[in-house]
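Chemist: All residue numbers for the sequence shown refer to full-length UniProt numbering, where the first residue is 1 and numbers rise by one. After the structure tokens below, expect a handful of questions from me.
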Amino acid sequence: MSAPVFNSKLCAICKGRKLLCGRPTCPILERFRVARTVEQRLNKRHLFGSSPPSIFVGEYGYPKVRIGPLVPPIEGNTSHLDSPMKWEDKTIKDILYYRSLLVMGETKADVHVRRSGRILGEVQELAMSIKPVDSEILLKRKPVLKVLPSEFAPPIGPKAELLDFELTENPRIPRRTDYVVSDELKAEAAIMRLYNWGFDEYYIIRLLSAGLLGLDKRLVPTRWGITAVQDTLGKNLRREILHNPEINDYEVYFYRFMGNRYAVLLMPESYAFELLEVWLKGSLFGASEPSVIHDYEDFRGRKEYVKETAGAYHAARLSVLEALRARRRQARVVVFREVTPEYYAPVGVWQIRLGVKKAMGNLIGRFETLNEALDAIRRRLEHPFERYLARSYILGSLARQKTLDEWLGKNLYRLGEKGVGG
């Protein structure tokens, strides 16, 4: 069982100075430091600025949800404040700062778009824009910055109840967006069309969340929207690569990103995918005895929701599938994610999407045998490797059954052999 993010007794003794939790930075103090840097600029009820553009839809109270625009007290090009797929050279502190600048004016809305009023119309116009839009919000009281960011979506900044919201310039809406939004398309078809046209993934998520895609248009909470879009893209790319030939060797990829280690193993076999994830001791959700969590699918995909790794699964799978699609190949895939104490504040699954994407561009080596490939991965991870192997469905099944190659004497890779996992 994971340790809680904050332990009141430990935190009271530590006060952020001794780092008794084992993290390199106190997530509570870090959030307050960021809050202090933006406090003066946000200490008002009336705000004018250029929205990146950005919106947020909450999930609590569904089908009556909280929705609102995110507007910073800054004018000009603010797109960097809400561009997760372009944050590859940013730090956790950068992300917390960016998100703390985005003030959310929240209002309640029915998820059925037809039942909502003028403010939702303005929010939808904002969502469709591909450039920052000058916006004005009037809040009931001065916005409050919460200490804890979200574990799933990019962190939410200060917020307060919205009295009024208005776009003070025309949003820049692509013609293709107008076409998809106004056409009678199912949500899946709309998502794939926009993706294949090259639209940013988080732009598509924004459109879905704002209730602009599908036949029965309704608001989709941001957290659900991220999973829905990444899962939809992944399923379609999986169907596509199943027609491709298998790769020829065992391939290992590796990348460190924001306190996470990502190792990817590709095997020259038919498609299957597995994510193995460990939160190391001292990491944000790490226990004193870390355990490996995992989820898996074969060429048929999954029939039920991911049980253990949640949104991380869809994010990691999509990055690998994109790389295989680009090569016109298929492979059996195992992704290892190791979360270290350096990941001191959750910033959202975008960092998994981006971390695995960067890993797929960093080939460590090609190997003739599985033993060699696993050894290359083991040297780069900290958690006892036999615990990964014991938990893995894909690698465990290889240990339990002989393949045709083994019968032919080509690749004698038995996981029980000395030198693998021991």
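Glycine included, each C-beta is placed from N, C-alpha and C at the ideal position.
Could you check where the alpha helix (DSSP H) with Lys357 kicks off and where it finishes?
Modeler: Looking at the DSSP string, the run of the alpha helix (DSSP H) that includes Lys357 is Trp350 to Ala359.
Chemist: At which residue ranges does the stretch 152 to 195 contain complete beta strand (DSSP E) runs of 3 or more residues, listed in the order of the chain?
Modeler: As far as the stretch 152 to 195 is concerned, its whole beta strand (DSSP E) runs of at least 3 residues are 159 to 167.
Chemist: Could you give the residue range of the alpha helix (DSSP H) that holds Ser319?
Modeler: Residues Gly311 to Arg327.
Chemist: In its own chain, which residues sit with a C-beta less than 7 Å from the C-beta of Ile92, not counting the 5 before and 5 after it?
Modeler: Around Ile92: Met258, Tyr344, Ala345 and Val347.
Chemist: Would you kindly work out how many angstroms separate the C-alpha atoms of Val144 and Ser270, rounded to a whole number?
Modeler: Each residue's Cα considered, the two are about 51 Å apart.
Chemist: Give every residue of the same chain whose Cβ lies closer than 6 Å to the Cβ of Thr222, excluding the five residues on either side of it in the sequence, and list them in chain order.
Modeler: Excluding positions up to five away in sequence, the list reads Phe56, Val57, Ala153 and Ser209.
Chemist: Mind reading off the beta-carbon distance from Arg366 to Tyr250? Whole number of angstroms is fine, and I expect it under 8 Å.
Modeler: Going by Cβ atoms, the distance from Arg366 to Tyr250 rounds to 7 Å, so yes, they are a contact pair.
Chemist: Is there contact here, the stretch 58 to 73 with the stretch 121 to 137, by at least three beta-carbon pairs under 8 Å?
Modeler: Touching, per the Cβ criterion.
Chemist: Closer than 8 Å is the cut-off here; do at least three beta carbon pairs connect the stretch 330 to 337 with the stretch 234 to 250?
Modeler: Contact holds: three or more Cβ-Cβ distances are below 8 Å.
Chemist: Could you give the distance in angstroms between the alpha-carbon of Glu382 and the alpha-carbon of Glu338?
Modeler: Going by the C-alpha atoms only, they are around 8 Å apart.
Chemist: Nearest-angstrom Cα distance between Leu318 and Trp350?
Modeler: Straight-line Cα distance between these residues: approximately 11 Å.
Chemist: State buried or exposed for Arg239, treating a residue as buried only when at least 16 other CB atoms are found within 10 Å of its CB.
Modeler: Looking at its Cβ environment, which holds fewer than 16 other Cβ atoms inside 10 Å, Arg239 is exposed.
Chemist: Measure how close the beta-carbons of Tyr393 and Glu277 come, nearest whole angstrom, since I'm counting them as under 8 Å.
Modeler: That belief does not hold up - the Cβ atoms of Tyr393 and Glu277 are roughly 14 Å apart, past 8 Å.
Chemist: Just verifying my parser: in three-state terms, what is the DSSP assignment at Val334?
Modeler: The answer is strand: DSSP assigns Val334 an E or B state.
Chemist: Would the stretch 131 to 140 count as touching the stretch 154 to 168 if we require 3 or more Cβ pairs under 8 Å?
Modeler: Cβ pair count under 8 Å is three or more, so yes.
Chemist: Could you check which residue in Val65, Ile352, Asp178 and Glu386 has the C-alpha nearest to that of Val220?
Modeler: Here the closest residue by C-alpha is Val65.
Chemist: Identify the residues that DSSP records as bridge partners of Gly365: which are they?
Modeler: Answer is Val252, bridged to Gly365.
Chemist: Give me, in chain order, the residues of the same chain whose beta-carbon lies closer than 7 Å to that of Lys358; leave out the 5 immediate sequence neighbours on both sides.
Modeler: Excluding sequence neighbours, Lys358 sits near Glu88, Tyr255 and Phe257.
Chemist: Measure the beta-carbon distance from Ile191 to Leu215 and round it to whole angstroms, keeping in mind my assumption that it falls under 8 Å.
Modeler: Contact flag wrong, Cβ pair sits at about 13 Å.
Chemist: Go to Met258, then tell me how far its alpha helix (DSSP H) extends in each direction, as first and last residue.
Modeler: That residue, Met258, is in no alpha helix (DSSP H); it is neither H nor E in DSSP.
Chemist: Return the residue from the list His112, Lys159, Gly225 and Lys108 that minimises the CA-CA distance to Leu101.
Modeler: Considering only alpha carbons, the answer is Lys159.
Chemist: Determine the contact status of Pro174 and Ile130, defining contact as a CB-CB distance below 7 Å.
Modeler: Yes. Within cutoff.
Chemist: Taking Cβ to Cβ, would you say Phe385 is nearer than 7 Å to Arg378?
Modeler: Taking 7 Å as the Cβ cut-off, Phe385 and Arg378 qualify as a contacting pair.
Chemist: Rounded to the nearest angstrom, how far is the Cβ of Glu201 from that of Met128, given a contact under 8 Å?
Modeler: Their Cβ separation, rounded to whole angstroms, is 16 Å, which puts Glu201 and Met128 out of contact at 8 Å.
Chemist: Alpha carbon to alpha carbon, how far is Ser182 from Arg114? Give it in angstroms, no decimals.
Modeler: Distance between the alpha carbons of Arg114 and Ser182: 14 Å.
Chemist: Could you check what DSSP says for Gly301 in three-state terms: helix, strand or coil?
Modeler: Gly301: strand per DSSP, three-state reduction.
Chemist: Which residue or residues does DSSP assign as beta-bridge partners of Glu277?
Modeler: The partner list for Glu277 (beta bridge, DSSP) reads Ile293 and Arg337.
Chemist: Is Trp197 buried or exposed, if buried means 16 or more other CB atoms sit within 10 Å of its CB?
Modeler: Per the 10 Å Cβ criterion, exposed.
Chemist: Name the two residues that bound the continuous beta strand (DSSP E) containing Glu106.
Modeler: Per DSSP, Glu106 belongs to the beta strand (DSSP E) from Val103 to Asp110.
Chemist: Distance, Cα to Cα, Gly355 vs Thr340?
Modeler: Cα to Cα, Gly355 sits roughly 14 Å from Thr340.
Chemist: Just the C-alpha distance for Leu242 and Ile119, rounded to the nearest angstrom, thanks.
Modeler: Their backbone Cα atoms lie some 45 Å apart in a straight line.
Chemist: From which residue to which residue does the beta strand (DSSP E) around Ser209 run?
Modeler: Segment Glu201 to Ser209 is the alpha helix (DSSP H) holding Ser209; no beta strand (DSSP E) there.
Chemist: Using only alpha-carbon positions, find the residue among Leu139, Arg99, Lys90 and Tyr203 that is nearest to Gly105.
Modeler: If we check each option's Cα against that of Gly105, Leu139 comes out closest.
Chemist: Indicate the three-state DSSP secondary structure (helix, strand or coil) for Leu212 in the structure shown.
Modeler: Correct three-state label for Leu212: coil.
Chemist: With H, G and I counted as helix, E and B as strand and the rest as coil, what does DSSP make of Glu59?
Modeler: Coil.
Chemist: Below 7 Å between beta carbons: does that hold for Gln103 and Leu162?
Modeler: Sequence inspection shows Val at residue 103; the Gln mentioned does not correspond to that position. The answer is no: Cβ separation not under 7 Å.
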